[in-house]
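Take 8 as the starting number for the sequence shown in my numbering and just add one per residue.
Where a beta carbon is used, it is the ideal one built from N, C-alpha and C, also for glycine.
Taking it in order: structure first as structure tokens, then the write-up.
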Amino acid sequence: MKNYNRIILLAITLLVPGLLLTVSAQKKVELKYNLTTGDQYTYNIETDQDISFEASGQTMVMNSKIGFEMTGTVEDNTSDNIVVKTIIDRVTMTQSIFGMEIKYDSKDPSSTENPMAAKIAEAFSGLIGSSYTMTMDNKGNVKEMDMKELTDNDDLAQNLSSGSNYAIYKDGKVAVGDSWEKDIEPLKTSDMKYHIKYTVLKISKKETTLGVEGTITANSIDNEEINLEGTQTGEMIVNTQTGWLIKSVIDQELSLDIEQAGQKFPATISGTTISTSVKK
């Protein structure tokens, strides 16, 4: 009898977590951006990638680590229009190739003493302190992008505001296991297109975890043919109450052909982007 009671107790013990998981799985929430005018958020975006390309019949591999520190301010908030202005505060980059390492930090003037780092600084000089303004609805559908200050970096701006940094939510409530797909339309001056599938993996009162699967395509960047194709996979953790990003980890695999002077140079890019955001 004691053994029987123990078996029953064990069965109940094992059953209760299953019941709790079932209840949890049925929980539904409506994910949307519920922000307050004047709120400020800091972003930290770090990408670590290996770039493999062919030149003069040889395959070369370069490792590139690039970081962005930005501040986003909610300038307006209605059910139809949420306006967020983002300022780029800092850019860092480390490149390694042929056993050489080049480091650049926009907040460290001495880093430009290296001639190669000075060239990187020149490329990023127009970004530091510049801003772009995004207008979206409360589901994250972008209605307008004002990038007058980033006229020479349209594709970069789109990349900073797409895919890994904010989610586009489904209308109505969602539960664990629900999926939906969204297209991120390119800017008028950009050819880069994103198609993303979101899947709800976990829901709690404070955080919701989304699985992310996506594709990226582009025929040209900066008026140069590249025939880019790629995939994104990873997870995003968002604030269940506000919809704002907490953290995302996105792996990316890209292949492209760079065409110059009538010649094509195949390349592949494999990397991971980690984005975090904290309310000030």
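Per-residue burial, residue i [other beta carbons within 10 Å of its own, 16 or more giving buried]
i, result
"asparagine 148", "exposed"
"threonine 66", "exposed"
"alanine 225", "buried"
"valine 98", "buried"
"alanine 62", "exposed"
"threonine 85", "exposed"
"methionine 107", "exposed"
"threonine 222", "exposed"
"glycine 184", "exposed"
"serine 186", "exposed"
Which of helix, strand or coil DSSP assigns to residue i
i, result
"lysine 296", "Beyond the ends of the chain as shown, which are 8 and 287, falls residue 296; an answer cannot be given."
"threonine 279", "strand"
"glutamate 37", "coil"
"methionine 199", "coil"
"isoleucine 175", "coil"
"leucine 134", "coil"
"threonine 216", "strand"
"leucine 17", "Bear in mind that the predicted position of leucine 17 carries a pLDDT of just 40, short of 50, making it too unreliable to give a figure here."
6 Å CB neighbourhood of residue i in its chain, flanking five on each side removed
i, result
"serine 284", "Tyr48, Tyr50 and Leu252"
"alanine 124", "Ile109, Tyr111 and Ser118"
"serine 277", "Asp57 and Glu260"
"glycine 241", "Val219, Val256, Ile257 and Asp258"
"threonine 101", "Lys72 and Lys110"
"serine 113", "Arg97, Val98 and Ile135"
Beta-carbon proximity of residue i to residue j, cut-off 9 Å
i, j, result
"tyrosine 201", "leucine 217", "no"
"threonine 119", "alanine 130", "no"
"isoleucine 257", "glutamine 239", "yes"
"lysine 7", "threonine 43", "Any property of residue 7 remains undetermined from this structure, which presents the chain solely from 8 to 287."
"aspartate 96", "glutamate 76", "yes"
"asparagine 70", "aspartate 57", "yes"
"isoleucine 191", "isoleucine 203", "yes"
"phenylalanine 105", "threonine 275", "no"
Sequence-distant residues of its chain with Cβ nearer than 7 Å to residue i (five each side left out)
i, result
"glutamine 248", "Asn41"
"asparagine 234", "Asn226, Leu263 and Asp264"
"serine 137", "Ile95, Glu156 and Leu157"
Sheet register partners of residue i (DSSP bridge)
i, result
"alanine 61", "A small correction: the amino acid at residue 61 is glutamate; alanine does not occupy that position in the sequence shown. According to DSSP, which records beta bridges pairwise, glutamate 61 is partnered with Thr66."
"phenylalanine 75", "Ile52 and Val98"
"aspartate 112", "Thr99"
"methionine 107", "Ile104"
"asparagine 246", "Glu214"
Residues of its chain near residue i, where Cβ-Cβ distance is below 8 Å and the 5 sequence neighbours each way are ignored
i, result
"lysine 213", "Asn246, Thr247 and Gln248"
"isoleucine 89", "Tyr40, Leu42, Val81, Asp83, Thr142, Met143, Asp144 and Asn145"
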